[in-house]
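**Q** If you scroll down you'll find the structure; I have some questions about it.
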Amino acid sequence: MLSSQHRELVKATVPVLREHGVALTSHFYRRMFSHNPELKHVFNQAKQEAGQQQQALALAVLGYAEHIDDPSVLAPVVMRIAHKHVGLGIRAEHYPIVGHHLLSSISEVLGEAASDELLEAWRLAYGQLADLLIAAEQQLYTDGALSRGGWSGVRSFTVTRKVAESSEITSFYLSPSDKGAVPGFRPGQYITLKRYVPELGLLQPRQYSLSDAPGQDYLRISVKREPGNGATPAGRISNLLHDTVHEGDQLELAPPGGDFFLHEERSTPVVLISGGVGQTPMIAMLNHLVLTQSPRRVAFVHGCRNGAVHAMKRHVNQLAAECDNVSKVVFYEEVGADDRQGKDYDLQGRVDLGAVREQVLLPDADYYLCGPLPFMLAQRDWLLAAGVDGGRIHYEVFGSHTIAG
Ligand SMILES: Cc1cc2nc3c(=O)[nH]c(=O)nc-3n(C[C@H](O)[C@H](O)[C@H](O)COP(=O)(O)OP(=O)(O)OC[C@H]3O[C@@H](n4cnc5c(N)ncnc54)[C@H](O)[C@@H]3O)c2cc1C
Ligand code: HEM
Numbered sequence: 003m004l005s006s007q008h009r010e011l012v013k014a015t016v017p018v019l020r021e022h023g024v025a026l027t028s029h030f031y032r033r034m035f036s037h038n039p040e041l042k043h044v045f046n047q048a049k050q051e052a053g054q055q056q057q058a059l060a061l062a063v064l065g066y067a068e069h070i071d072d073p074s075v076l077a078p079v080v081m082r083i084a085h086k087h088v089g090l091g092i093r094a095e096h097y098p099i100v101g102h103h104l105l106s107s108i109s110e111v112l113g114e115a116a117s118d119e120l121l122e123a124w125r126l127a128y129g130q131l132a133d134l135l136i137a138a139e140q141q142l143y144t145d146g147a148l149s150r151g152g153w154s155g156v157r158s159f160t161v162t163r164k165v166a167e168s169s170e171i172t173s174f175y176l177s178p179s180d181k182g183a184v185p186g187f188r189p190g191q192y193i194t195l196k197r198y199v200p201e202l203g204l205l206q207p208r209q210y211s212l213s214d215a216p217g218q219d220y221l222r223i224s225v226k227r228e229p230g231n232g233a234t235p236a237g238r239i240s241n242l243l244h245d246t247v248h249e250g251d252q253l254e255l256a257p258p259g260g261d262f263f264l265h266e267e268r269s270t271p272v273v274l275i276s277g278g279v280g281q282t283p284m285i286a287m288l289n290h291l292v293l294t295q296s297p298r299r300v301a302f303v304h305g306c307r308n309g310a311v312h313a314m315k316r317h318v319n320q321l322a323a324e325c326d327n328v329s330k331v332v333f334y335e336e337v338g339a340d341d342r343q344g345k346d347y348d349l350q351g352r353v354d355l356g357a358v359r360e361q362v363l364l365p366d367a368d369y370y371l372c373g374p375l376p377f378m379l380a381q382r383d384w385l386l387a388a389g390v391d392g393g394r395i396h397y398e399v400f401g402s403h404t405i406a407g
């Protein structure tokens, strides 16, 4: 049981953790992977190499320590992490392993400053957070397995169609290899895919938003090839998918999940704002609203570099032309000779909500954002400054969320 004295000890370590947070978690990962190398199959090694996961966990620990008196503040973050963990197949038995290496790392990094009382306080605090996550994850595993077409763990899907959507985005249509039912999901949610990477000798997980409406006889994902440049290596899984996965091949998937989805209980307008491949969950929402003949007003706002990389433009053009309640605005950063203003794109430059104020400031609208982080922050700031309630702004990050943000 975590006493008030334990809580004070945990809170008192926040400044120390701020100072040592990243060093502590780097140490933790080195330690854990050397003792439990099987966990390398679960963690995205590119993020490990780029230091992103170290940051996510360090911030999660700090965020937790800061709110230890009122863990309810953490409820939405706990759900977000739980969805991510469930896609990755994290189970209750993994928690003691992580806890053991985390506590040993705290002790090793802090040296004499890590008193027995402090370590005991952290052991209890970690246990409390682990219990919250384990309970939330257990519920998600059960719900996933019991739902129609659902399963627990991984299931094989066959690529029935592979369609190039632009010069860098390709869609994969996936049907259960066992010919069983296709799972339902909420538009906006993602699946986690696991693929063997020969040069690492490891299975590697990646998340992909489902890019078509639920209720079809397939699941669809649309993947952008990450080419890399002189400074960063080419993305491993996106390139494997583009180059080596063909129609008839199989992919291993965890069930759909995620806490970013269309709020269907509402009847108010929906504004979908995306940058680049961030449009995938928006297309799922748009298609679902159209297929279910929702009378809600829908504004689709999208920005990308140019016409060559602009995926699914004909599809969105068609929906906007055919449905009175759907409007679209597309921004191109650079306009090519073949790009048709008023058809493929509407405005030149980066997405500027101020330029389309009347189309996006709709009464009681919900705003869904997905794209690079600076893009989403800019749109969120504009919406807040325009008086939109923060609770109506929902966002998906195609990377690690941090507990602080
Ligand atoms: C919820 C969610 C939904 C998503 N939905 C989609 C989607 O619909 N479509 C889509 O295309 N993607 C989506 N993503 C992103 C996707 O999961 C992958 O991250 C993406 O495909 C890149 O994976 P990769 O294996 O190709 O690249 P990785 O190998 O993981 O590399 C990722 C990036 O890190 C860089 N990098 C790698 N190693 C290093 C290093 N040592 N130092 C510095 N940089 C390095 C690479 O150059 C690359 O740009 C989503 C992500 C999340 C979390
Ligand atoms: C109390 C304990 C834990 C906390 C606070 C925690 C916190 C987090 C956070 C904040 C993220 C990022 C979520 C996001 O991307 O949105 C994350 C991701 C992840 N967690 Fe945990 N976690 C805990 C336990 C575990 C355990 C026991 C495992 C299993 C070994 C695990 C494995 C992972 C993996 C593999 C990821 C994804 C990282 C990647 O992309 O590779 N976590 N966790």
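Here the working numbering runs 2 ahead of the position in the sequence shown, where the first position is 1. Think of the CB as a built atom: it goes at the ideal place given N, C-alpha and C, for glycine as much as any other residue.
Using the beta-carbon count (16 or more within 10 Å), is Y198 buried or exposed?
**A** Counting Cβ neighbours within 10 Å, Y198 comes out exposed, since fewer than 16 surround it.
**Q** Does ligand 2 have even one heavy atom less than 7 angstroms from the beta-carbon of Y198?
**A** It does not: the Cβ of Y198 is nowhere closer than 7 angstroms to a heavy atom of ligand 2.
**Q** Would the beta-carbon of V44 be found less than 7 angstroms away from any heavy atom of ligand 2?
**A** For ligand 2, at least one heavy atom lies less than 7 angstroms from the Cβ of V44.
**Q** Take A357 and list the residues in its own chain whose beta-carbon comes closer than 7 angstroms to its own, dropping the five residues that flank it on each side.
**A** Correct list, in chain order: L349.
**Q** Using only the heavy atoms of ligand 1, determine whether one of them is closer than 7 angstroms to the beta carbon of A301.
**A** Checking every heavy atom of ligand 1 against the Cβ of A301, none is found closer than 7 angstroms.
**Q** Secondary structure at H103, three-state DSSP: helix, strand or coil?
**A** DSSP places H103 in helix when its eight states are reduced to three.
**Q** Quick check: the Cα distance between Y220 and Q320, rounded to an integer number of angstroms?
**A** Straight-line Cα distance between these residues: approximately 22 angstroms.
**Q** Under 8 angstroms between the Cβ atoms of G280 and G373?
**A** Contact: yes.
**Q** Can you check whether the CB of Y143 is closer than 8 angstroms to the CB of V184?
**A** Cβ atoms of V184 and Y143: not closer than 8 angstroms.
**Q** Please work out which residues of its chain come closer than 7 angstroms, Cβ to Cβ, to F263, disregarding the five sequence neighbours upstream and downstream, and give them in chain order.
**A** So the qualifying residues of the chain are R188, P189, G190 and Q191.
**Q** In angstroms with no decimal places, state the Cα-to-Cα distance between G407 and V311.
**A** Any answer about G407 is weak, because its pLDDT of 31 lies below 50 and its placement is not dependable; what the coordinates show is given next. One C-alpha to the other measures close to 29 angstroms.
**Q** Among the residues of its own chain, which have a CB less than 6 angstroms from the CB of G260, if the five just before and after it don't count?
**A** Result list for G260: H85, Q191 and Y192, in chain order.
**Q** In chain order, what residues of the same chain lie with their CB nearer than 7 angstroms to the CB of L386, ignoring the 5 residues before and after it?
**A** Same-chain partners within the cutoff: G392.
**Q** Are the Cβ atoms of L104 and F174 separated by less than 8 angstroms?
**A** Cβ distance not < 8 angstroms, so L104 and F174 don't count as in contact.
**Q** In angstroms, rounded to a whole number, what distance separates the CA positions of L204 and Q343?
**A** Rounded to the nearest angstrom, the two C-alpha atoms are 46 angstroms apart.
**Q** Less than 8 angstroms between the CB atoms is what I'm expecting for G305 and G338, so what's the real figure, rounded?
**A** Rounded, the Cβ-Cβ distance is 15 angstroms, inconsistent with contact.
**Q** Answer with buried or exposed for T27, where buried requires no fewer than 16 other C-beta atoms within 10 angstroms of its C-beta.
**A** The residue is buried, with at least 16 neighbouring Cβ atoms inside 10 Å.
**Q** Return helix, strand or coil for V75, following the three-state DSSP convention.
**A** Reduced to three states, the DSSP call for V75 is helix.
**Q** Using only CA atoms, which one of T15, S158 and R299 lies nearest to L363?
**A** Out of T15, S158 and R299, R299 has the C-alpha closest to the C-alpha of L363.
**Q** Tell me the DSSP bridge mates of K330?
**A** BP columns for K330 point to F302.
**Q** Between which residues of its own chain and K330 is the CB-CB distance below 6 angstroms, once the five residues before and five after are set aside?
**A** Excluding residues within five positions, the ones whose Cβ falls inside 6 angstroms are F302, V318 and A322.
**Q** Applying the 10 Å Cβ sphere with the 16-neighbour rule, what's the burial state of G309?
**A** Counting Cβ neighbours within 10 Å, G309 comes out buried, since at least 16 surround it.
**Q** Tell me Q343's beta-bridge partners as DSSP assigns them.
**A** DSSP lists Y347 as partners of Q343.
**Q** Less than 8 angstroms between the C-beta atoms of S106 and R33, yes or no?
**A** Yes.
**Q** Following a CB-centred definition, is R125 positioned closer than 7 angstroms to any heavy atom of ligand 2?
**A** Not so, every heavy atom of ligand 2 lies at least 7 angstroms from the Cβ.
**Q** Which term fits H248, buried or exposed, when burial requires 16 or more other beta carbons within 10 angstroms of its beta carbon?
**A** H248 should be labelled exposed.
**Q** If contact is defined by three or more beta carbon pairs under 8 angstroms, each pair taking one atom from either stretch, is the stretch 279-295 in contact with the stretch 148-156?
**A** Counting Cβ pairs under 8 angstroms, fewer than three are found: no touch.
**Q** Using a Cβ-Cβ cut-off of 6 angstroms (strictly less than) and excluding sequence neighbours within five positions of G230, which residues of its own chain qualify?
**A** Closer than 6 angstroms at the Cβ level, and outside the excluded window around G230, lie A236.
**Q** Exposed or buried, Q209, counting other C-beta atoms within 10 Å across all chains shown (16 or more means buried)?
**A** Buried.
**Q** Out of S5, E10 and M314, state which residue places its alpha-carbon closest to the alpha-carbon of V165.
**A** Comparing Cα positions, the closest option is M314.
**Q** State the DSSP-derived secondary structure class of R238, mapped to helix, strand or coil.
**A** R238: helix per DSSP, three-state reduction.
**Q** Consult DSSP for I405 and reduce its assignment to one of helix, strand or coil.
**A** Any answer about I405 is weak, because its pLDDT of 37 lies below 50 and its placement is not dependable; what the coordinates show is given next. In this structure, I405 counts as coil in the three-state DSSP scheme.
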